[in-house]
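The structure under discussion appears below in the form of C-alpha cells.
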Amino acid sequence: MAEQSTPDASPPTPSSKGDASKEGAVGTASPKEASSGNAPLREAVSQKPSPGGAISRRRLIGTAGATGLALGAAGGAAGYAAAPSADQAVPLSSLGADEVMFHGKHQPGITTALQARGHLVAFDLTAGVGRREAAALLRRWSATAQRLMAGEASGSEDTDVARDAGPSSLTVTFGFGHSFFARTGLEKQRPIALDPLPDFSSDHLDKARSDGDLWVQIGANDALVAFHALRAIQKDAGSAARVRWQMNGFNRSPGATAQPMTARNLMGQIDGTRNPKPSEADFDQRIFVPDSGEPSWMAGGSYAVVRRIRMLLDDWEKLSLKDQEDVIGRRKSDGAPLTSGTETTEPKLEKTDASGKLVIPVNAHARITRPDQNGGAAMLRRPFSFHDGFDTDGVPDAGLLFVCWQADPLRGFVPVQRKLDRGDALSVFIRHEASGLFAVPGGAAEGEYVGQRLLEG
Ligand code: HEM
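So in the numbering used here, the last one in the sequence shown is 489, and the numbering has no gaps at all.
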C-alpha cells in the first residue's frame, strides 16, 4: 500500500515475480504498480512529482502541491477517509495521479490496465446529421477527452463532479459502428472487417442494446471521475447524437489485493491469464491494424467486439468447486491449469488421470478458446463486470461486459465464438444479451482529433 502515497517519478523497473511486461497485459501489474493497476502502460502513464517530491496535480486537494507533504502508507489511507484540515494537506495517491496519455499511435483504453470503473455508451446520430456535424462532434469529444484525461476541467460548464480528483487513469476511447458510414456518406470508407457479426445460435440479443453509430468506452479508477467523463461526453453530443444504450461496469480496485493479481470475474474465476501480452512479438499484429492496413484511416486502430454476457449465477453457484474448475479447466483459487503448476504454467492438454480421462476436460472453456485450437485466432479481452440489480424473482442481472480487441474480428472473436456457440462447458452458464462491433481508429496525433483521417480524408 505504501506506493499509494509514495511519489515515484523514476521509470518503473520490471519486477522479478509479476513482470507485467511479460505476464501483465490487461489486468495484472507489477508489485510496484499494484496501486495504479497500470502495468502495461509504463510508457503512457505519467505521475508528475511536485518540486517537494509529492505527486502534484492541478486538482491536488488543498495546498498539497505547495506543502509537498508525502505521507506514508497509513497517512495515504487516511487521506481517503478523512477530509484534510487546511494545514494538513494530503497529496493525491498514485491512483488519483495516474494519467494515461490521450495522444499516441493507438487510442487509450486498449492496452491500459483494467480500470475499477467503466461506462460503455453507444450513440446514434440524429436525423439530418451528416459528415460535417459528425466531424465537429469527434473534434469536441477529442478535446474533452484530452482535457479530462489530463485531470483538467471539461471545456465548458464543468459539473465539478471530479473536481478534487486526479485523472485516476481515465481513458476515453471512440469507435464507429457499421451504421455510421451510410449516415455520413462514407460507405466507401467502411472497413470490410466491420461487416455485421454472424448470428450465433445461442444469442439472445436485445437489438435496442446492441450496435450503434458511435461507441465510447470510458474507464477510470475512480467512479466519480468516470461518471464525470460520461456526462461530459453525453453533453458534448448536443443535438448531433443521442444515447442509444449505455452500460456500467466495474473491476477490482487497484491496491485491493495484497499483491498484484489478474482480475476475477463474478463467477469468481481468475480471468485474463492467457491474454496476449504487449511484450510478445506478434501482439501488435494480433491486436492492431498495421500501418499498411485497409482502409488506411484504420492504421493503428483495432476492432472492438462488445458483448453483454449475463452470467446465470444461480446455476453456476450450485456447482461444486470441482465441477466449476472442470468447466474452465483451471483452478479457481489461483487460476493454475488443472494439470498443476501456477497461473502461468502451460497446461498439459493431453494429460489423463488414473482412469484415462483427460484432466482438462475436452469441453473446458480454457481448452476450447486457445488460439492453437482455433487456427491462431487471438484477441485481447478487456472486460468490465456488471451488476444491474436483481430481477423480480431475485435472479441477479449480472455478468461480463465482454470487450475484446483484435486487428480483425474474423481472425479473433468470430471463430472462437463459433466454437463456443457449438457448446463449451461454460455456455450453459452464460447468455449473450447484447452485441456490438466497432472500428476504433488509431490514436490522434498532437493537434488531431480521433477519426480525423476518416472524416477529413
Ligand atoms: C461470461 C463469459 C466468459 C467467462 C466467464 C470467461 C472466462 C474465462 C476464463 C476464466 C478463462 C481462463 C483464464 C484466461 O486465460 O483468461 C478464459 C479464457 C479465454 N476466454 Fe473466456 N470467458 C467468457 C467468455 C468468452 C468469450 C465470449 C470468448 C470469445 C469468443 C472468450 C475467449 C477466451 C479466450 C480466447 C481465452 C484464452 C484462451 C487461451 O489463450 O488459453 N471467453 N475465459
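Cβ atoms here follow ideal geometry from the backbone N, Cα and C, with glycine treated the same way. The model shown is predicted, which means the values in this text are computed figures rather than measured ones.
Q. In chain order, which continuous runs of the beta strand (DSSP E) of length 3 or greater are located wholly inside the region 399–476?
A. 416–422, 428–438 and 462–472
Q | Limits of the alpha helix (DSSP H) - the one that T384 falls within | A | Taken as a continuous stretch (DSSP letters only), T384 belongs to no alpha helix (DSSP H), as it is neither H nor E.
Q | Endpoints, beta strand (DSSP E) assigned at F213 | A | Unbroken run through F213 is the alpha helix (DSSP H), H210 to R215; no beta strand (DSSP E).
Q.
Does the distance between the C-beta of F445 and the nearest non-hydrogen atom of ligand 1 fall short of 6 Å?
A. yes
Q) Is it true that the region 396–414 meets the region 442–458, where meeting means three or more beta-carbon pairs spaced less than 8 Å apart? A) yes
Q) E357: which of K350, L370, E349 and L345 sits nearest, CA to CA? A) L370
Q.
For G160, count the other beta carbons within 10 Å of its own beta carbon; 16 or more makes it buried, fewer makes it exposed. Which is it?
A. exposed
Q) Where does L92 fall in DSSP's three states? A) Because the pLDDT of L92 is 32, which lies under 50, any placement of that residue in the model is unreliable, and the number read from its coordinates should be weighed accordingly. Here L92 sits in coil by DSSP.
Q. To the nearest angstrom, how far is it from the Cα of K389 to the Cα of V448?
A. 25 Å
Q) So who's on the other strand from P369, going by DSSP bridges? A) R362
**Q.** Which listed residue (I392, S311 and R163) has its alpha carbon closest to that of R485
**A.** R163
Q | Coil, strand or helix - D156 by DSSP | A | strand
Q) Hey, quick one: how far does the beta strand (DSSP E) through E334 stretch, first residue to last? A) The question names Glu, but residue 334 is Ser in the sequence shown. Run containing S334: S334 to M343, per the beta strand (DSSP E) assignment.
(Q) Report the start-end ranges of each beta strand (DSSP E) in the region 207–279 that is 3 residues or longer and not cut off at the edges. (A) 246–252
Q.
Just checking D303 against ligand 2 - is the residue's beta carbon closer than 6 Å to any of the ligand's heavy atoms?
A. As for ligand 2, it is missing from this structure, which binds only ligand 1.
Q. For R296, is the beta carbon positioned less than 6 Å from some heavy atom of ligand 1?
A. no
(Q) In the DSSP output, what is L180 paired with across the bridge? (A) DSSP output for L180 lists no bridge partner at all.
Q | Outcome for A295 when other beta-carbon atoms lying within 10 angstroms are tallied against a minimum of 16 | A | buried
(Q) Using a 10 Å radius around the Cβ and a threshold of 16 neighbouring Cβ atoms, would you call K309 buried or exposed? (A) buried
Q. First and last residue of the alpha helix (DSSP H) that includes A129?
A. S126 to A129
Q.
For a quick check, are the C-beta atoms of P286 and L127 less than 7 Å apart?
A. yes
**Q.** Bridge-paired residues (DSSP) for T205
**A.** Q249
Q: Check whether the Cβ atoms of Q147 and G475 lie closer than 7 Å to each other.
A: no
Q: With DSSP collapsed to three states, give me the class of I496.
A: Absent from the structure is residue 496, since the part of the chain shown begins at 33 and ends at 489.
Q | Residues that L390 bridges to, as DSSP identifies them | A | T384
Q) Closest to T374 by CA distance: which of T305, I360, A410 and R340 is it? A) T305
Q) Any chance the CB of R363 is under 6 Å from a heavy atom of ligand 1? A) no
**Q.** Reduced DSSP secondary structure (H/G/I, E/B, other) of H151
**A.** strand
Q.
Rounded to the nearest angstrom, what separates P393 and W329 at their Cα positions?
A. 44 Å
Q.
How far does the alpha helix (DSSP H) with R318 in it extend, from its first residue to its last?
A. F315 to I319
Q.
Beta-carbon within less than 6 Å of R463's beta-carbon, same chain only, minus the 5 sequence neighbours each way: which residues are those?
A. H236 and R342
**Q.** 7 Å Cβ cutoff met for P473 and G483
**A.** yes
Q | Sequence-distant residues of its chain with Cβ nearer than 8 Å to D227 (five each side left out) | A | H210
**Q.** Buried or exposed (CB count within 10 angstroms, at least 16 for buried), A471
**A.** buried
Q) Going by the C-beta, is T374 closer than 6 Å to any heavy atom of ligand 1? A) no
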